Amino acid sequence: MPKAPVQKKCRVHKEVSRVCTKPGVKGAKPASRVLSQGLVFNTDLGQHILKNPLVITSMIEKAGLKTTDTVLEVGPGTGNMTAKLLERVKRVIACEVDPRMVAELHKRFLSTALHSKLDIRIGDILKADLPTFDVCVANLPYQISSPFVFKLLLHRPIFRCAILMFQQEFAERLIAKPGDKLYCRLSVNTQLLAKVDHLMKVSKNNFRPPPKVESSVVRIEPRNPVPKINFSEWDGLLRIAFVRKNKTLSAAFKHSSVLQTLEKNFKTWCSLHEKKIPEDFVMKEKIEDILIDGKFDKKRARHMDQDDFLSLLHAFNKEDIHFV
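Under this note's numbering, the first residue of the sequence shown carries the number -12, and numbering increases by one thereafter.
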């Protein structure tokens, strides 16, 4: 995240300063010391520290890092992964919302040669602009998984890849294919913007404290060039189609709220383009005609692939019907 302009210290920054300047703090400490000092991890913030060095090493190796890379790490915790990243790359931008963890990072690396390569940013990653980076490697707080993935994929300039730890079911949704039980709007959106691969499953025993669910590591590689499509409109179409993914599209588009929204969008578009609306125009009939003509009326979202949705969006847009 970009550094904020100089201003009065907020509560978070004051807390970091207080912890970091306690008597006796003389630089880096191993993460194993943290628990002995009584630090309680906040699971409400998704703090499940990855403790298995083999898993950490495997994630980093899958990233294909270069010595010239800048790596974005979200939720670094006590710095187990951060330490290994710093050994391999030019710079690590570690984004952390908990001031206690920020203090631990400072204490762990302050008196080491690695400290000059570490850029710690304090705050909510979802509320800030992402910095420029080459690779993202993170044991992500699971409650921000979905919004962070799309913040990442819509970020410019395009990064090379991301190696991310997710809740196992979320990871399975990311890679699901048409017809799979977990195939959903998330699957279609993610795969439109990126190539997604499942790398490995990770048992809950590899974390401290252990989460209630199993985890998986996923590799996300943004598509380059970026698909030439209005993502907001694309997502608007998918929202309608996947509200009841087992229903036919004909049924999905008959809901009154859907018809009202599309009619409002249609009238706005016609007004902006100085196009006259026929006196006998009925949105419900127009949509039925589009679906039938394109042979979409009997199709169900759970069985449709990207090409199907692209064709459907094109058919609607051709008739001046838009989803934003």
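Each residue gets a CB set at the ideal place from its N, CA and C atoms; glycine is no exception. All figures in this text were calculated on a predicted structure; none of them were measured in a lab.
{"Query": "Strand pairing of MET317, partner residues [DSSP]", "Result": "Nothing can be reported for residue 317: it is not among the residues displayed for the chain, which extend from -12 to 311."}
{"Query": "Candidates ALA158, PRO196, ASP116, GLY166, of which the one nearest MET187 by Cα", "Result": "ALA158"}
{"Query": "First and last residue of the uninterrupted alpha helix (DSSP H) at GLU272", "Result": "270 to 280"}
{"Query": "Nearest-angstrom beta carbon gap, VAL124 and ALA50 [assumed within contact, 8 Å]", "Result": "5 Å"}
{"Query": "GLN178 versus ILE162: straight-line alpha-carbon distance, rounded", "Result": "8 Å"}
{"Query": "Alpha-carbon spacing of VAL12 relative to PHE137, whole angstroms", "Result": "Summary for VAL12: the model assigns pLDDT 35, below 50, so the residue's position carries little reliability; its value from the coordinates is reported in the next sentence. Looking at the two C-alpha atoms, the distance is approximately 39 Å."}
{"Query": "Validate contact between the region 101 to 120 and the region 161 to 176 using beta carbons, cut 8 Å, 3 pairs", "Result": "no"}
{"Query": "Option nearest GLN130 by Cα separation, candidates ILE150, VAL175, ASP106, VAL200", "Result": "VAL200"}
{"Query": "Segment limits, beta strand (DSSP E) that includes ASN126", "Result": "122 to 126"}
{"Query": "Bridge-paired residues (DSSP) for GLU60", "Result": "ALA81"}
{"Query": "C-beta contact flag for ASP284 and LEU236 at 8 Å", "Result": "yes"}
{"Query": "Spatially closest choice to ILE107 from LYS191, LEU92, ALA238, LEU101, by CA coordinates", "Result": "LEU92"}
{"Query": "Continuous beta strand (DSSP E) stretch holding PHE153: start and end", "Result": "148 to 154"}
{"Query": "Helix, strand or coil at LEU101 [DSSP, three-state]", "Result": "coil"}
{"Query": "Segment contact, 8 Å Cβ cut-off, at least three pairs: the region 272 to 283 with the region 206 to 223", "Result": "no"}
{"Query": "Alpha-carbon spacing of ALA149 relative to PRO63, whole angstroms", "Result": "15 Å"}
{"Query": "ILE372 versus LEU72: straight-line alpha-carbon distance, rounded", "Result": "Since the first and last residues shown for the chain are -12 and 311, residue 372 lies out of range."}
{"Query": "Own chain, CB closer than 7 Å to ASP292, minus 5 neighbours either side, in chain order", "Result": "PRO165"}
{"Query": "Simplified DSSP state of PRO196, which is helix, strand or coil", "Result": "coil"}
{"Query": "Alpha carbon of GLU156 to alpha carbon of PRO197, nearest angstrom", "Result": "16 Å"}
{"Query": "Opening and closing residue of the alpha helix (DSSP H) in which THR69 lies", "Result": "67 to 73"}
{"Query": "Cα-Cα separation, LEU59 to HIS102", "Result": "15 Å"}
{"Query": "Opposing strand residues paired with ALA181 [DSSP bridges]", "Result": "PRO209"}
{"Query": "Length of the line joining the Cα atoms of ALA302 and LEU278", "Result": "8 Å"}
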